[in-house]
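Just below is one structure, and these are the notes that go with it.
In the numbering used here, the protein residues as written are 27 to 188.
Below, the structure is given as structure tokens:
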């Protein structure tokens, strides 16, 4: 076998090895590989947190939505819902706090005086982003301006886990 043929044979073997390592959409669709086991592919991430509002302006206990270790939450859309019955003059605030991989955090708040649902806009979501770090956890808590409340709150996050 000539020297050129030996080199070509070696290159072909390397290409075949790399081809076996590639994960394709067909592999995932056929169930041969699950997305959660791959490092290069993200999976859809939908979680709902329903924190009980604190009263008299204090925030209640936060509900933590946590990504697996070394994974990032990428929120694409967030829906905030206020239910139950509002008292006269009552304002209820929902707060989302993104906790980043570097130990810092950012939060946004939305308030309502009546039941309903609000979708966060792109500018709101940009407030939960930070360059060169990833979101490892999103905490959701809420507060009422009243001394007693029967309002319920929830936040549903639609996104990707990478």
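C-beta: ideal position from N, C-alpha, C; glycine also.
Segment contact flag, the stretch 138 to 149 with the stretch 90 to 110, C-beta cutoff 8 Å, min 3 pairs: Using a C-beta cut-off of 8 Å, the stretch 138 to 149 makes contact with the stretch 90 to 110, since at least three inter-stretch Cβ pairs fall below that distance.
Are there 16 or more other CB atoms within 10 angstroms of the CB of residue 102, so buried, or fewer, so exposed? Here residue 102 corresponds to residue number 76 of the chain shown, with the count starting at 1. The C-beta of residue 102 has fewer than 16 other C-beta atoms within 10 Å across all chains shown, which makes the residue exposed.
Quick one: residues in its chain with C-beta nearer than 7 Å to the C-beta of residue 180, no 5 flanking neighbours on either side, listed in chain order? To locate residue 180, count along the chain shown from 1; it is residue 154. Same-chain partners within the cutoff: 74, 75, 76 and 107.
On the DSSP letters alone, give me the boundaries of the beta strand (DSSP E) that residue 138 sits inside. Your numbering for residue 138 matches position 112 in the chain shown. From DSSP, the beta strand (DSSP E) with residue 138 extends over 131 to 138.
Counting along the chain, where does the beta strand (DSSP E) carrying residue 101 start and finish? For this step, residue 101 is matched to residue 75 along the chain shown. Unbroken beta strand (DSSP E) run through residue 101: 99 to 111.
When the Cβ atoms of the stretch 165 to 174 are set against those of the stretch 113 to 127, are three or more pairs found closer than 8 Å? Yes, they touch.
By the three-class DSSP mapping on this structure, what secondary structure does residue 144 have? What you label residue 144 is simply residue 118 of the chain shown in a count that begins at 1. In the structure shown, residue 144 sits in a strand (DSSP, three-state: E or B).
Can you give me the start and stop residues for the beta strand (DSSP E) that residue 163 sits inside? Numbered from its first residue, the chain shown carries residue 163 at position 137. It spans 161 to 170 - the beta strand (DSSP E) in which residue 163 sits, taken as one unbroken run.
Specify the secondary structure class of residue 33 as computed by DSSP and reduced to three states. Position 7 of the chain shown, counting from 1, holds the residue named residue 33. Secondary structure at residue 33: helix, using DSSP grouped into helix, strand and coil.
In angstroms with no decimal places, state the Cα-to-Cα distance between residue 69 and residue 29. Residue 69 sits at position 43 when you count from the first residue of the chain shown. Residue 29 sits at position 3 when you count from the first residue of the chain shown. Cα to Cα, residue 69 sits roughly 47 Å from residue 29.
Along the beta strand (DSSP E) that carries residue 73, what are the first and last residues, could you check? In the chain shown, counting from the first residue as 1, residue 73 sits at position 47. Counting along the chain, the beta strand (DSSP E) containing residue 73 begins and ends at 69 to 75.
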